[in-house]
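Visitor:
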Amino acid sequence: MKRIFALFLLLAFSLSGLSLNYTISVKLNPNKKTIQGKEIIIWENNTESPAEIIPLHLYINAFQNNKTVFLSESGGKHRNYRLKGKDIDKYGYCKVLAVTVNGEDFSKNFKYLTEIKNPEKLNVFWPDETTKIRVKPDNTIGIIFLKQPVKKGEAVKIEINFETKFPHIFARTGYWKTFFMAGQWFPKIAVYQGERGWNCHLFHLNSEFFADFADYNVSITVPEKYIVGATGIKISEQTEGKKKTYKFKAENVIDFAWTAWNYWQVAYDKWNNVPLTLLYPPGLKHTVKRQFKALKAALNAYGDLTGHLYPYPHFTLVCPPPQAMGAGGMEYPMLVTGGFPSYKIPKGMRFPEMLIIHEFGHNYFYAIFATNEFENAWMDEGINSFATAYGIEKGYGMQIDLPFLKVPPYTMERLGFSQYKGKEAPSKASWEFISNGVYSTLSYAKPTIYLRTLENLVGEKKFKEIFNLYYNKFAFTHPTPEDFFSCVKEIAGEKYYNFIKQAITTGSRLDFAIYTAKSELEKPLSGYDFKFNPVKADKEKKENKKKETYINRVVVENRGDFKNLPVEVLVVLKNGEKKTFKWNGEGDWKAFEFKSKSPISYAFADPKKVYACDNNLANNIKSFTSKTNKAITKTSLALASAIQFFINILTLGI
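Position one of the sequence shown corresponds to residue 128 (the numbering used here), numbered consecutively onward.
1. Are there 16 or more other CB atoms within 10 angstroms of the CB of His331, so buried, or fewer, so exposed?
2. Starting from Cys740, follow its DSSP beta bridges and name the residues at the other end.
3. Could you check how far apart the C-beta atoms of Ser554 and Pro608 are, in whole angstroms? I think they sit under 8 Å.
4. By the 10 Å Cβ neighbour count, where 16 or more other Cβ atoms means buried, how is Asn747 classified, buried or exposed?
5. Considering only their Cβ atoms, is the gap separating Leu529 from Met476 smaller than 9 Å?
6. Would you please state the rounded distance, in angstroms, between the beta carbons of His205 and Phe252? I believe it to be under 8 Å.
7. DSSP three-state call for Ala730: helix, strand or coil?
8. Would Ser646 and Ser723 qualify as a contact pair, given that the criterion is a beta-carbon distance under 9 Å?
9. How should Asn499 be labelled, buried or exposed, when 16 other C-beta atoms within 10 angstroms of its C-beta is the threshold for buried?
10. Anyone know if the C-beta pair for Thr291 and Cys221 falls short of 9 Å?
11. When you compare the CB positions of Trp385 and Gly410, do they come within less than 9 Å of one another, or not?
12. Based on Cα-Cα distance, which residue from Gln418, Gly269, Val682 lies nearest to Val522?
13. From Ile627 to Thr575, what does the alpha carbon distance come to, in whole angstroms?
14. Could you check the C-alpha separation between Thr676 and Pro726 for me, to the nearest Å?
15. DSSP puts Ile748 in a beta bridge; with which residues?
16. Bridge partners of Ser723, per DSSP?
17. Here's the rule I'm using: 16 or more other beta-carbon atoms within 10 Å means buried, otherwise exposed. How should Arg636 be labelled?
18. I need the boundaries of the alpha helix (DSSP H) containing Thr433, first residue and last residue.
19. With distances taken from CA atoms, which of Thr643, Lys663, Asp265 is nearest Phe731?
20. How about Gly518 and Ala425: do their beta carbons lie closer than 9 Å?
21. Just the Cα atoms here: how many angstroms apart are Glu720 and Asn711?
22. State whether the stretch 353-368 contacts the stretch 435-451, with contact taken as three or more CB pairs (one from each stretch) at a distance under 8 Å.
23. When you compare the CB positions of Phe337 and Ala178, do they come within less than 9 Å of one another, or not?
24. Less than 9 Å between the C-beta atoms of Trp782 and Pro182, yes or no?
25. Quick check: what's the CA-CA separation for Glu486 versus Val262?
26. Could you tell me whether the stretch 678-697 touches the stretch 654-664, where touching means 3 or more Cβ pairs closer than 8 Å?
27. Excluding sequence positions up to five away, which residues of its chain have a Cβ less than 8 Å from the Cβ of Leu473?
28. Please work out which residues of its chain come closer than 8 Å, Cβ to Cβ, to Asn511, disregarding the five sequence neighbours upstream and downstream, and give them in chain order.
29. I need the straight-line Cα distance from Asn399 to Lys211, nearest angstrom please.
30. To the nearest angstrom, how far is the alpha carbon of Ala739 from that of Ile243?
31. For Asn625, report the span of its alpha helix (DSSP H) as first-last.
32. Residues in its own chain within less than 6 Å of Val318 by CB, not counting five upstream and five downstream?
33. Look up Arg209 in the DSSP assignment and give the residues it is bridged to.
34. Starting from the Cα of Tyr390, find the closest Cα among Pro402, Gln526, Tyr407, Lys376 and give me that residue.
35. Compare the Cα-Cα distances from Thr515 to each of Ala718, Lys160, Ile167, Tyr571 and report the closest residue.
36. Measuring CA to CA, which of Lys315, Asn595, Met457, Ile527 is closest to Thr433?
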């Protein structure tokens with residue numbers, strides 16, 4: 128009988144094309160802040176290695192108590208929001224009530240990580256994720272111990288009854304009064320990687336998620352006045368008594384999220400025949416056009432960058448109530464949360480637009496390119512932060528566009544990275560960085576400005592070919608860092624492959640500088656000429672004054688870690704004349720000497736700003752003054768510092 132059942136499952140999978148399927152039904156109790164749920168998971172082992180256990184992510188158990196990995200590392204703070212509420216009300220959990228496997232009761236074969244002696248030996252997470260003193264394994268992972276291994280091509284049917292209690296919202300998921308944001312709310316199977324085993328890390332403060340593609344059929348029952356938005360397309364909406372059941376279907380996605388609230392306002396739009404839905408709170412109707420404009424700018428930009436339009440049949444943008452902004456700024460397939468404050472923001476201050484574009488962009492860099500966010504955060508956050516700036520530039524031009532201040536979209540990432548003085552690399556697991564700030568700088572800012580530099584070096588056309596190839600090869604898979612680097616190599620060549628790989632896998636930084644820029648009047652000949660005749664000094668002085676020629680010397684220096692990269696040097700003379708020199712990057716420095724009728728005003732390394740990743744722009748320019756030969760006056764330095772300080776203030780918390 129079991130063999131017949133297994134064959135039936137295999138037939139079902141051959142028809143669906145995916146090795147994972149979820150059917151979930153839940154009922155929301157707004158008063159208790161809970162859902163009662165039942166899910167059926169059908170999982171097929173498509174690797175060569177038999178699976179003896181099945182780990183489940185129970186992410187919402189990160190909020191079970193103050194000793195979980197997430198709350199130990201965060202101290203109850205995420206971004207600028209804190210875990211608040213009455214004692215027990217602020218916490219949340221996902222409790223597994225019953226488990227069956229292929230129809231057989233397996234409830235006793237299910238164990239939370241805290242119930243397992245020496246859970247490290249299961250090899251589902253890395254030894255360095257916990258410490259003996261402060262951070263210990265928690266219940267964000269549960270294990271189903273199988274009686275027989277699941278071999279290649281075999282499938283299992285897992286049925287789970289569960290109860291989820293939402294925490295008071297401060298980090299992605301939870302509740303505020305009658306508002307609910309359900310992210311990572313159900314038991315979710317980990318990713319099986321064959322010989323490498325299960326990839327099922329603990330839920331850390333800085334880590335996000337990793338999951339396989341699956342088909343979802345989800346039913347959500349709520350009080351009749353509630354409006355529900357979710358991943359996928361709505362199949363039906365039925366009212367029965369004082370309850371309403373929404374049914375959603377989503378195919379080939381890595382997650383499923385939903386929101387429910389009895390005060391949602393709804394707006395609709397379309398882009399290229401893709402229906403767009405906006406859920407927003409009362410009082411923010413004036414933001415609707417602005418939010419849809421940003422969403423369409425994102426849809427256009429990401430399609431342009433990758434050469435592929437958004438592939439899913441629907442998209443939902445959620446603007447959480449201002450009192451629940453802990454839910455804002457988060458991505459899920461076909462649904463993301465943005466955020467607008469209750470007060471009006473000038474249209475030229477495009478931080479809400481940036482947030483919408485960024486979160487939508489994760490539908491490419493996380494949902495379509497389903498990289499491992501635990502281990503390679505730069506592959507979604509870094510690449511997507513570049514694409515966000517790309518979207519702002521294409522859709523709006525400036526990130527900040529006020530009469531008194533214009534800030535291009537890549538400036539903030541460059542400033543953020545320029546403040547970092549350490550030597551860590553982006554290519555680390557999210558919990559391995561020395562601090563939260565360094566994690567953000569290296570996972571978001573550094574990849575952004577180095578990808579911008581790569582675009583400048585190879586040209587926009589070839590750069591987009593890289594992303595088009597990346598999509599053609601790796602969309603709807605789990606790309607690795609080397610997969611991305613290989614696309615750079617195939618399109619742009621070995622040199623730029625080495626450049627971007629060095630940027631990501633090492634603590635290298637790039638820094639071109641003008642070492643010196645000086646002019647000296649050519650001195651008249653004195654002493655004996657080259658025929659050994661005495662020189663008449665008065666005659667030489669008169670002739671030299673008529674000619675008045677300057678001998679100029681400019682030295683450009685590579686103070687960074689990247690070698691053999693070309694750079695242009697612009698020299699501007701005091702009479703307005705300009706001269707351009709090119710250094711191929713060989714060696715540590717290069718001197719340029721020339722004569723002119725006018726002395727140097729200033730010399731500028733990389734005047735076209737090809738190297739967006741240059742770590743110190745202050746040393747790129749040097750002016751010549753005959754007395755001091757100092758590069759920048761005190762007034763200029765003070766002005767530059769004031770501008771940088773102002774922009775840093777603007778970027779706090781972003």
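No residue lacks a Cβ here, since even glycine has one placed at the ideal position from N, Cα and C. Predicted, not measured: the structure shown is a model, and the values here were computed from it.
Guide: Let me lay it out:
1. buried
2. Looking at the DSSP assignment, Cys740 forms no beta bridge with any residue, so it has no partner.
3. 6 Å
4. buried
5. yes
6. Rounded, the Cβ-Cβ distance is 21 Å, inconsistent with contact.
7. strand
8. yes
9. buried
10. yes
11. no
12. Reading the sequence as shown, one finds Gly at residue 522 and not Val. It is Gln418 whose Cα lies nearest to the Cα of Gly522.
13. 11 Å
14. 9 Å
15. Phe731
16. Tyr677
17. buried
18. 415-433
19. Thr643
20. yes
21. 16 Å
22. yes
23. no
24. Limits of the chain in this structure are 128 at one end and 781 at the other, which puts residue 782 out of reach.
25. 30 Å
26. no
27. Note on identity: in this sequence residue 473 is Pro, with Leu being the wrong assignment. Correct list, in chain order: Leu529.
28. His485, Gly488, His489, Tyr491, Phe492, Tyr493
29. 42 Å
30. 50 Å
31. 621-632
32. Asn326, Phe337, Asp339
33. Lys204
34. Tyr407
35. Tyr571
36. Asn595
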